[in-house]
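Enquirer:
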Amino acid sequence: MRQKIVAGNWKMHKNAEETEDLLNDLIDKLPSDAEVHIIVAPTFVNLASAVEHLEFTNINVAAQNMHQAEGGAFTGEISADMLKSVGVSTVILGHSERRAYFHESNSLLKSKVDTALKHELVVIFCFGEELKDRQSGNHFNLVENQLKDSLFHLAEKDWANIILAYEPVWAIGTGETASPEQAQEMHEFIRNTIDSKFGKNVSENVAILYGGSVKPDNAREIFSKPDVDGGLIGGAALKADDFATIVSAAI
Ligand code: PGA
Numbered sequence: 095m096r097q098k099i100v101a102g103n104w105k106m107h108k109n110a111e112e113t114e115d116l117l118n119d120l121i122d123k124l125p126s127d128a129e130v131h132i133i134v135a136p137t138f139v140n141l142a143s144a145v146e147h148l149e150f151t152n153i154n155v156a157a158q159n160m161h162q163a164e165g166g167a168f169t170g171e172i173s174a175d176m177l178k179s180v181g182v183s184t185v186i187l188g189h190s191e192r193r194a195y196f197h198e199s200n201s202l203l204k205s206k207v208d209t210a211l212k213h214e215l216v217v218i219f220c221f222g223e224e225l226k227d228r229q230s231g232n233h234f235n236l237v238e239n240q241l242k243d244s245l246f247h248l249a250e251k252d253w254a255n256i257i258l259a260y261e262p263v264w265a266i267g268t269g270e271t272a273s274p275e276q277a278q279e280m281h282e283f284i285r286n287t288i289d290s291k292f293g294k295n296v297s298e299n300v301a302i303l304y305g306g307s308v309k310p311d312n313a314r315e316i317f318s319k320p321d322v323d324g325g326l327i328g329g330a331a332l333k334a335d336d337f338a339t340i341v342s343a344a345i
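Just so you know, we're using our numbering here: the sequence shown kicks off at 95 and counts up by one.
#1: Given the structure, does E171 come close to ligand 1, in the sense that its CB is under 7 Å from one of the ligand's heavy atoms?
#2: Helix or strand or just coil, what does DSSP make of T271?
#3: Does the beta carbon of I345 fall short of 7 Å from some heavy atom of ligand 1?
#4: Roughly how many whole angstroms lie between the Cα atoms of P136 and G305?
#5: Helix, strand or coil: which one does DSSP assign to V308?
#6: State yes or no: is the C-beta of I266 nearer than 7 Å to some heavy atom of ligand 1?
#7: For the beta strand (DSSP E) holding T184, just list the boundary residues, first then last.
#8: So, V308 versus G325, is the Cβ gap smaller than 8 Å?
#9: Rounded to whole angstroms, what is the Cα-Cα separation between R228 and A157?
#10: Under 7 Å from any heavy atom of ligand 1, does the C-beta of I257 make it?
#11: In the DSSP output, which residue or residues are listed as bridge partners for I256?
#12: Between which two residues does the alpha helix (DSSP H) holding H147 run?
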């Protein structure tokens, strides 16, 4: 049975002191024995201290991005090996803000996924349609292509380290959420798409998170849908009380 997962994407928020404060609040407020896999993704410069801080807790640390190369002359970039070397277990790849503002394409993301898996990082792979795609009825097609172009080359065993995060771009940071029915419809489509290529063993075990304006007051209903295995949370992950309520909604 696949596990419920709630991950907090802190984006470019929280300096060192604020990171420590939020982590302390989370340690106080999050359930320590819940059957939910909890992940937080602070900024690069705070990853090492976050790992140290969370050492004896059930909260895992993810990076928000990573370069695809092993290393070299890539000023300003961070490699998979560097993440592993400070104890990071997980990396978010393909977030819509990376796709939109940093021009990350499906094929670039394919290389990033390969490098991350080679270094035994768990990948939270984000994808989802823009408003114009949904309005034109192209959303299923677009999502299918994002999956095909970046993940269909993988071997069955690789899927043990993949978490999918469907995030409709029109719902991110906008206060506009996909309805629980819209989320379920797309998650079922995603699971069927994975099934048609990799079979039940992969499709039934891969976690598919929903992301986009998940808040304490809508999380329970969204997470109750059969193909929604938890959430990737932005704004509401920055407040310990809100994040704790969202984690409880996944139990
Ligand atoms: P949001 O962000 O919860 O603030 O909409 C979600 C995300 O970007 O992962």
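We put the CB at the ideal spot given by N, CA and C, even for glycine.
Expert: Looking at the atomic coordinates:
#1: no
#2: coil
#3: no
#4: 17 Å
#5: DSSP places V308 outside both helix and strand once states are collapsed to three, so it counts as coil.
#6: yes
#7: T184 to L187
#8: yes
#9: 29 Å
#10: no
#11: Note: I256 sits in a beta bridge opposite V217.
#12: Here the alpha helix (DSSP H) through H147 covers L141 to H147.
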